[in-house]
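Below: the structure, in structure tokens.
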Amino acid sequence: PSAVAGLAAPNGAVPGEPVKKDENSRRGNWGNQIEFVLTSVGYAVGLGNVWRFPYLCYRNGGGAFMLPYFIMLVFCGIPLFFLELSFGQFASLGCLGVWKISPMFKVFVLVGFGVGYGMMVVSTYIGIYYNVVICIAFYYFFMSMTNLLPWTYCNNPWNTADCTGVVGSGRHLNASLANATTTLVAGVSEVVNRTKRTSPSEEYWKHYVLNISDDIGNFGEVRLPILGCLAVSWCVVFLCLIRGVKSSGKVVYFTATFPYVVLTILFIRGITLDGAINGIKYYLTPQWQKVLDAKVWGDAASQIFYSLGCAWGGLITMASYNKFHNNCFRDSIIISITNCATSVYAGFVIFSILGFMAHHLNVPVSEVADHGPGLAFVAYPEALTLLPISPLWSLLFFFMLILLGLGTQFCLLETLVTAIVDEIGTDWIIRNKTIITLVVAIAGFLLGVPLTTRAGIYWLLLMDNYAASFSLVIISCIMCICIMYIYGHRNYFKDVEMMLGFPPPLFFKVCWRFISPLIISFILIFTVIQYKPITYNDYVYPGWSLAIGFAMALSSVICIPIYALYKISRSPGATFRERLKNACRSHPKWGPALQEHRTGRYAPMASEDTVEPPCLPTVYSLNPSAFPPFSSILTPLSHSLWGRSYSLETFTYCKGLLYRS
Numbered sequence: 001p002s003a004v005a006g007l008a009a010p011n012g013a014v015p016g017e018p019v020k021k022d023e024n025s026r027r028g029n030w031g032n033q034i035e036f037v038l039t040s041v042g043y044a045v046g047l048g049n050v051w052r053f054p055y056l057c058y059r060n061g062g063g064a065f066m067l068p069y070f071i072m073l074v075f076c077g078i079p080l081f082f083l084e085l086s087f088g089q090f091a092s093l094g095c096l097g098v099w100k101i102s103p104m105f106k107v108f109v110l111v112g113f114g115v116g117y118g119m120m121v122v123s124t125y126i127g128i129y130y131n132v133v134i135c136i137a138f139y140y141f142f143m144s145m146t147n148l149l150p151w152t153y154c155n156n157p158w159n160t161a162d163c164t165g166v167v168g169s170g171r172h173l174n175a176s177l178a179n180a181t182t183t184l185v186a187g188v189s190e191v192v193n194r195t196k197r198t199s200p201s202e203e204y205w206k207h208y209v210l211n212i213s214d215d216i217g218n219f220g221e222v223r224l225p226i227l228g229c230l231a232v233s234w235c236v237v238f239l240c241l242i243r244g245v246k247s248s249g250k251v252v253y254f255t256a257t258f259p260y261v262v263l264t265i266l267f268i269r270g271i272t273l274d275g276a277i278n279g280i281k282y283y284l285t286p287q288w289q290k291v292l293d294a295k296v297w298g299d300a301a302s303q304i305f306y307s308l309g310c311a312w313g314g315l316i317t318m319a320s321y322n323k324f325h326n327n328c329f330r331d332s333i334i335i336s337i338t339n340c341a342t343s344v345y346a347g348f349v350i351f352s353i354l355g356f357m358a359h360h361l362n363v364p365v366s367e368v369a370d371h372g373p374g375l376a377f378v379a380y381p382e383a384l385t386l387l388p389i390s391p392l393w394s395l396l397f398f399f400m401l402i403l404l405g406l407g408t409q410f411c412l413l414e415t416l417v418t419a420i421v422d423e424i425g426t427d428w429i430i431r432n433k434t435i436i437t438l439v440v441a442i443a444g445f446l447l448g449v450p451l452t453t454r455a456g457i458y459w460l461l462l463m464d465n466y467a468a469s470f471s472l473v474i475i476s477c478i479m480c481i482c483i484m485y486i487y488g489h490r491n492y493f494k495d496v497e498m499m500l501g502f503p504p505p506l507f508f509k510v511c512w513r514f515i516s517p518l519i520i521s522f523i524l525i526f527t528v529i530q531y532k533p534i535t536y537n538d539y540v541y542p543g544w545s546l547a548i549g550f551a552m553a554l555s556s557v558i559c560i561p562i563y564a565l566y567k568i569s570r571s572p573g574a575t576f577r578e579r580l581k582n583a584c585r586s587h588p589k590w591g592p593a594l595q596e597h598r599t600g601r602y603a604p605m606a607s608e609d610t611v612e613p614p615c616l617p618t619v620y621s622l623n624p625s626a627f628p629p630f631s632s633i634l635t636p637l638s639h640s641l642w643g644r645s646y647s648l649e650t651f652t653y654c655k656g657l658l659y660r661s
């Protein structure tokens, strides 16, 4: 075939410019495969690797916890990671578009959300409160730009009479300490053991940074410094995603790698401190009897599942920008192992410093160990005040937290934007994707404003505990069932083989069909059994707030069965079985995005029951929009000539192109 003026460029490419093989020029691809791997590592490696895993490890038997942790990684983590990457890469669509594989589990119509929309809702919830955590890290980072960290002593206006510092004596001393006649070390130990110690960092966190209210319903005023940092955080995220994966793919060269530089610096400094070895021993010493405890296995499975970011929609979205024949099997193993190795490495960094702090106070490591915001903004900052040049180490630590958070936040925002763009799919919205990114960023900022009030920490923890908890497990389980048992495991194995050039290994076939769904079900049961109403320190959440939490958790999953029944009832068929079959049938457009990849059972068929006219061998491929006078004539002409025989010179209008033969 020879091209002439007015040629319609394939896949939305600019006419006259060469199109690279295997590149989706309309939607875009990663600049290279390193960008995808680094982005996925930045997405999977987040704040939880630093502030949750080390705590779970020492609480669940130290080194013994590694056994169930790595078993769950092999049988659940890596298989699910590979499943989501291959799912998104095969269709080159985000977390909404991929559900063309079975529309019953995706479509949204008045009554609620399907699985794809459930992923989108979960990413929205997480994106709102996750950026608030990042903005607090920004605030601590800015406040560390001083000669003396403001949470070092107890002589500040926000401190109370119960404050007891670990550096110097401070202005306020507990009465029991003042009356002590023993040595300083024994006195400090006695006070810690007899009363609950209130540290300068804890009071700085509660009374100055948050100025926390006494109830979740008492919002109070907006904390303007935190609000300003939230605006900075959203601006950074938007600017890094201003050109989609083309810009974020360049940013991750720094944001995904520099945290390892900081971790290494903190690790080298930590292990040189007195008492560091005790902290590391406390972190790693195995308590093998705990391996027989079901709770340890539940914590290991939950940590693997949530740490890798399964069912958030981010993995599907990031993989959708891969080229069709990329080896996502290799990538899934590299990224998963990197994520878990980072968690273990971060434990050495955390517990070396906490061991030094425990040695300084002459108390057990368990007295200073913490997790979540308590570790990031109270325990660890306090330990840093004991180091020489403490502002430097504080700057490095909070800069690391910022980068870890941004790596995840990039993917959360891109997931939402990609879902919107793919679902609407018009040329205008694809060309103006930056505007959609800006609108989503502004909406995320406005929705995060209530979390910057005096009651914000209560709502942040409520969203963290309910919005992204068991709903993720349910979504992931339904995804496995849909792909393996409704779409069909044989069909999916053939799709993966067509994409990668080799079928999935037998181990992954077994895990996808049987083992991983069973482990996911175990996580769900474990989560329900271990459920306890959320508390924050001594504050017990009221019932109405817990109801809001459950509503957030159910909002992404409750309508899946409702709409599934609705879809079945509206599908054609004389019997329930026929309707169910029609409701679960893949969309005609399901499959590879580029025409050159639609081979085998995805190739266009020219048969009697073909929905669209078959395309003739192209001699001249003209864009009808370039010839407006002929459009009204040629279109009906093509319909009248569509058949088994053609005249010497005919025109056929097929799939948006005008063919002359």
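Just so we're aligned: the sequence shown equals residues 1 to 661 in full-length UniProt numbering.
We treat Cβ as the ideally placed atom computed from N, Cα and C, and that holds for glycine.
Since we're looking at a predicted model, the values are computed, not measured.
Check each candidate in Tyr204, Ile128, Ser199 and name the one with the smallest Cα separation from Met143.
Residue 143 sits at position 143 when you count from the first residue of the sequence shown. Among Tyr204, Ile128, Ser199, the Cα nearest to that of Met143 is on Tyr204.
Among Thr264, Pro561, Ile534, which one has its Cα closest to the Cα of Ile548?
Against the sequence shown, residue 548 aligns to sequence position 548. Of the candidates Thr264, Pro561, Ile534, the one whose C-alpha sits nearest the C-alpha of Ile548 is Ile534.
Can you give the Cα-Cα distance for Cys328 and Ala379, rounded to whole angstroms?
Counted from its first residue, the sequence shown places residue 328 at position 328. Counted from its first residue, the sequence shown places residue 379 at position 379. Going from the Cα of Cys328 to the Cα of Ala379 covers about 39 Å.
According to the Cβ coordinates, are Tyr321 and Asn29 closer than 8 Å?
Locating residue 321 in the sequence shown gives position 321, counting from the first residue. Locating residue 29 in the sequence shown gives position 29, counting from the first residue. Going by C-beta atoms, Tyr321 is nearer than 8 Å to Asn29.
For the stretch 470-484 against the stretch 75-94, do three or more pairs of beta-carbon atoms, one drawn from each stretch, fall closer than 8 Å, so that the two count as touching?
The stretch 470-484, when compared against the stretch 75-94, does touch it at the 8 Å Cβ threshold.
By DSSP's criteria, Thr535 is part of a beta bridge. Which residues make up the other side?
Translated into positions along the sequence shown, residue 535 becomes position 535. Answer is Val540.
May I have the straight-line CA-CA distance separating Lys323 from Val344, to the nearest angstrom?
Looking up residue 323 in the sequence shown gives position 323. Looking up residue 344 in the sequence shown gives position 344. If I take the Cα positions, the gap works out to 32 Å.
Starting from the C-beta of Leu406, find all residues in its chain whose C-beta is less than 6 Å away, skip the five residues before and the five after it, and write them out in chain order.
Taking the sequence shown and counting its residues from 1, the one referred to as residue 406 is at position 406. The beta carbon of Leu406 lies closer than 6 Å to those of Thr255 in the same chain, with the five residues before and after it left out.
Which residue spans inside the stretch 245-284 form an unbroken alpha helix (DSSP H) run of at least 4?
Listed in chain order, the complete alpha helix (DSSP H) runs (minimum 4 residues) inside the stretch 245-284 are 245-255, 258-271, 276-284.
Could you spell out where the alpha helix (DSSP H) holding Gln595 opens and where it closes?
As a first step, residue 595 is located in the sequence shown; it is residue number 595 there, counting from the start. For Gln595, there is no enclosing alpha helix (DSSP H), as DSSP gives it neither H nor E.
Given that a residue counts as buried once 16 or more other Cβ atoms are within 10 Å of its Cβ, and exposed if not, what is Phe377?
What you label residue 377 is simply residue 377 of the sequence shown in a count that begins at 1. Buried, since its Cβ has 16 or more Cβ neighbours within 10 Å.
For Phe219 versus Ala455, is the C-beta spacing smaller than 8 Å?
Here the question's residue 219 lines up with position 219 in the sequence shown. Here the question's residue 455 lines up with position 455 in the sequence shown. Yes.
Flag this pair as yes or no: are the beta carbons of Gly88 and Leu315 separated by less than 8 Å?
The count along the sequence shown starts at 1 and reaches residue 88 at position 88. The count along the sequence shown starts at 1 and reaches residue 315 at position 315. Against a cut-off of 8 Å, the Cβ pair of Leu315 and Gly88 comes out as a contact.
What first and last residue would you give for the alpha helix (DSSP H) that runs through Ile335?
Residue mapping note: residue 335 aligns to position 335 of the sequence shown, counting from 1. Counting along the chain, the alpha helix (DSSP H) containing Ile335 begins and ends at 328-361.
Simplified DSSP state of Cys95, which is helix, strand or coil:
Taking the sequence shown and counting its residues from 1, one reaches residue 95 at position 95. Cys95 falls in the coil class under three-state DSSP.
Residues in its own chain within less than 8 Å of Thr317 by CB, not counting five upstream and five downstream?
Locating residue 317 in the sequence shown gives position 317, where the first residue counts as 1. Counting only Cβ-Cβ distances below 8 Å, and skipping sequence neighbours, we find Gly88, Gly94, Cys95, Cys411, Glu414, Thr415, Thr418, Ala419.
With a CB to CB cut of under 6 Å and the five nearest residues on each side skipped, what residues in its chain are close to Thr183?
As a working mapping, residue 183 is identified with position 183 in the sequence shown. In this prediction, Thr183 scores a pLDDT of 31, lower than 50, which makes its location untrustworthy; the coordinate-derived value is nonetheless stated afterwards. Counting only Cβ-Cβ distances below 6 Å, and skipping sequence neighbours, we find nothing.
Consult DSSP for Cys76 and reduce its assignment to one of helix, strand or coil.
What you label residue 76 is simply residue 76 of the sequence shown in a count that begins at 1. Cys76 sits in a helix when the DSSP states are folded into three classes.
Determine whether the beta carbon atoms of Phe351 and Tyr260 lie at a separation below 8 Å.
For the purposes of this step, residue 351 is identified with residue 351 of the sequence shown, where counting begins at 1. For the purposes of this step, residue 260 is identified with residue 260 of the sequence shown, where counting begins at 1. The answer is no: Cβ separation not under 8 Å.
Please return the same chain residues whose Cβ sits closer than 6 Å to the Cβ of Asp299, not counting the five positions on each side in sequence.
The count along the sequence shown starts at 1 and reaches residue 299 at position 299. Non-local C-beta neighbours of Asp299 in its own chain, meaning closer than 6 Å and more than five positions away in sequence, comprise Leu56, Asn60, ordered along the chain.
If contacts are defined as beta-carbon pairs under 8 Å, then Gly46 and Thr408 qualify, I think. What distance do you get, rounded to the angstrom?
Sequence index remark: in the sequence shown, residue 46 carries index 46 (1-based). Sequence index remark: in the sequence shown, residue 408 carries index 408 (1-based). Gly46 to Thr408, Cβ: 4 Å. Contact.
State the start and end residues of the unbroken alpha helix (DSSP H) segment that holds Asn582.
Position 582 of the sequence shown, counted from the first residue, corresponds to residue 582. Run containing Asn582: 576-584, per the alpha helix (DSSP H) assignment.
Counting Cβ pairs closer than 8 Å, one from the stretch 67-78 and one from the stretch 302-309, do we hit at least three?
Yes, the stretch 67-78 touches the stretch 302-309.
If the criterion is Cβ atoms closer than 8 Å, does the pair Ile280 and Arg26 meet it?
Taking the first residue of the sequence shown as position 1, residue 280 is located at position 280. Taking the first residue of the sequence shown as position 1, residue 26 is located at position 26. No, they are not a contact pair.
Select from Leu392, Ser233, Pro504 the residue whose C-alpha is nearest the C-alpha of Phe445.
Counted from its first residue, the sequence shown places residue 445 at position 445. Cα-wise, what sits closest to Phe445 is Ser233.
Among the candidates Ile71, Cys135, Tyr117, His597, whose CA atom is the shortest distance from the CA of Glu423?
In the sequence shown, the residue the question calls residue 423 occupies position 423. Here the closest residue by C-alpha is Tyr117.
Please state whether DSSP places Thr198 in a helix, a strand or coil.
Within the sequence shown, the letter at position 198 stands for residue 198. Three-state result, Thr198: strand.
What residue from Ile389, Pro503, Phe399 has the CA that sits closest to Thr146's CA?
To locate residue 146, count along the sequence shown from 1; it is residue 146. When each option's Cα is compared against that of Thr146, the closest is Ile389.
Rounded separation between Pro150 and Ile226 - CA only
Your numbering for residue 150 matches position 150 in the sequence shown. Your numbering for residue 226 matches position 226 in the sequence shown. Rounded to whole angstroms, Pro150 to Ile226 spans 16 Å at the Cα level.
Using 10 angstroms around the beta-carbon of Thr272, count the other beta-carbons present and answer buried if the total reaches 16, otherwise exposed.
One-based indexing of the sequence shown puts residue 272 at position 272. It is exposed - the Cβ of Thr272 has fewer than 16 other Cβ atoms within 10 Å.
Span separating the alpha-carbon of Val528 from that of Met120:
Here residue 528 is taken as the residue at index 528 of the sequence shown, counted from 1. Here residue 120 is taken as the residue at index 120 of the sequence shown, counted from 1. One alpha carbon belongs to Val528, the other to Met120, and they sit about 23 Å apart.
Leaving out the 5 sequence neighbours to the left and right, which residues in its chain are closer than 7 Å to Thr342 when beta-carbon positions are compared?
Numbered from its first residue, the sequence shown carries residue 342 at position 342. Once the five neighbours on either side are set aside, the close Cβ partners of Thr342 are Val45, Asn49.
Pull up the DSSP beta-bridge partners for Thr160, would you.
Numbered from 1 along the sequence shown, position 160 holds the residue referred to as residue 160. Beta-bridge pairing links Thr160 to no other residue.
Counted within 10 angstroms of its Cβ, other Cβ atoms place Thr198 as buried (16 or more) or exposed
Here residue 198 is taken as the residue at index 198 of the sequence shown, counted from 1. That one is buried.
By the three-class DSSP mapping on this structure, what secondary structure does Gly170 have?
Position 170 of the sequence shown holds residue 170. Residue placement at Gly170 is flagged as unreliable, the pLDDT there being 42, under the threshold of 50; the coordinate-derived value follows with that caveat. Coil.
Helix, strand or coil: which one does DSSP assign to Thr146?
In the sequence shown, counting from the first residue as 1, residue 146 sits at position 146. Assignment of Thr146 by DSSP, reduced to helix, strand and coil, places it in the coil class.
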